[in-house]
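Undergrad: Chains as they are written, first to last, in the working numbering: chain W, 27 to 130; chain A, 3 to 168.
Quick reminder that beta carbons are idealized off the backbone N, C-alpha and C, glycines included.
Quick look at the structure:
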């Protein structure tokens with residue numbers, strides 16, 4: 027039915043992973059960094075689902091891994107946004123370069 | 003070129019283009035909207051990969067809940083393109099070099115990878131539906147399921163404790 031090779035899907039996930047990694051390295055806005063982390067997590071999800079379908083089509087382990095990754099990403103986003111709001115209250119900025127109290 | 007391949011390439015271009023928009027646009031609101039488009043494209047990929055339930059969960063949880071939270075926080079802090087901090091040019095250059103080199107290495111490794119599983123095995127399409135998923139989830143994955151509920155409780159308490167004013 028579908029004639030898409032596995033390597034094409036893996037290329038999509040690789041591209042998303044490195045776009046997210048580039049965003050994590052080069053942005054200083056904390057919320058944009060968090061969005062890059064979400065991109066990275068989604069590329070990992072695609073990998074899990076693709077390997078589940080192409081290598082073990084009668085099992086569901088990859089789908090459950092993706093489901094738990096989505097769960098953990100939701101919890102992580104909630105806690106991270108609480109931290110960002112707290113930082114914004116104390117520093118009036120969400121630039122990561124401004125939070126230098128524990129740097130040295 | 004059948005309809006599956008057309009859909010695959012369309013969703014791929016949509017996902018990569020909008021994720022590039024996420025990291026290049028200066029206005030954080032546009033970043034969030036592009037990220038929502040990315041999540042829609044990834045849900046289309048999940049449907050093509052026989053994971054229908056995961057596609058719907060991805061839409062509801064990511065595009066529906068997490069992104070609305072991001073959007074609220076961005077509007078609460080009144081962020082726009084003028085307040086967006088930018089790193090210097092050399093660090094951006096170094097990021098492009100590092101990410102691009104690693105991407106090239108990964109793509110080269112993928113090209114040489116063993117392609118014995120190159121054909122999609124779509125024997126039947128009901129694997130990702132909720133009936134199969136529920137049976138396996140409550141038989142084999144009960145313990146991670148319950149642990150994730152504890153994780154959610156602790157995350158909720160942590161977010162409230164961190165977010166409240168002293």
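Taking 7 Å as the CB-CB limit, is residue 144 (chain A) close to chain W?
TA: Residue 144 (chain A) does not count as touching chain W.
Undergrad: With a threshold of 16 other CB atoms inside 10 Å of the CB of residue 14 (chain A), please say whether the residue is buried or exposed.
TA: Under this definition residue 14 (chain A) is a buried residue.
Undergrad: For residue 127 (chain W), return the contacting residues in chain A, with the cut-off set at a CB-CB distance below 7 Å.
TA: Those within 7 Å of residue 127 (chain W) in chain A number zero; the least Cβ separation is about 17 Å.
Undergrad: Could you check what DSSP says for residue 52 (chain A) in three-state terms: helix, strand or coil?
TA: Residue 52 (chain A) falls in the coil class under three-state DSSP.
Undergrad: Can you list the residues of chain A that residue 75 (chain W) reaches, using a CB-CB cut of under 7 Å?
TA: Per Cβ cutoff of 7 Å: 48, 51, 53, 56.
Undergrad: Helix, strand or coil for residue 121 (chain W) per DSSP?
TA: Strand, per DSSP.
Undergrad: Residue 48 (chain A) and residue 56 (chain A) look like a contact to me (Cβ under 8 Å); what is the Cβ gap, rounded to whole Å?
TA: So it is a contact: roughly 5 Å between Cβ atoms.
Undergrad: What are the boundary residues of the alpha helix (DSSP H) that includes residue 137 (chain A)?
TA: Per DSSP, residue 137 (chain A) belongs to the alpha helix (DSSP H) from 132 to 139.
Undergrad: On the three-state DSSP scale, how would you describe residue 192 (chain A)?
TA: In the structure displayed, chain A extends from 3 to 168; residue 192 (chain A) sits before or after that span and is not available.
Undergrad: So, is the C-beta of residue 61 (chain W) closer than 7 Å to a C-beta in chain A?
TA: Output row for residue 61 (chain W): interface = yes.
Undergrad: Quick one: list the residues of chain A neighbouring residue 72 (chain W), beta-carbon separation under 7 Å, in chain order.
TA: Here the neighbours are 44, 47.
Undergrad: With three or more C-beta pairs closer than 8 Å as the rule, is the region 90 to 101 of chain W touching the region 111 to 127 of chain W?
TA: At 8 Å Cβ cutoff, the stretches do not touch.
Undergrad: Give the straight-line distance between the Cα atoms of residue 142 (chain A) and residue 76 (chain W), rounded to the nearest whole angstrom.
TA: Distance between the alpha carbons of residue 142 (chain A) and residue 76 (chain W) is about 21 Å.
Undergrad: Residue range of the alpha helix (DSSP H) that residue 157 (chain A) falls in?
TA: Run containing residue 157 (chain A): 144 to 165, per the alpha helix (DSSP H) assignment.
Undergrad: For residue 65 (chain W), decide whether its Cβ has a neighbour in chain A, counting only Cβ atoms nearer than 7 Å.
TA: So, interface residue.
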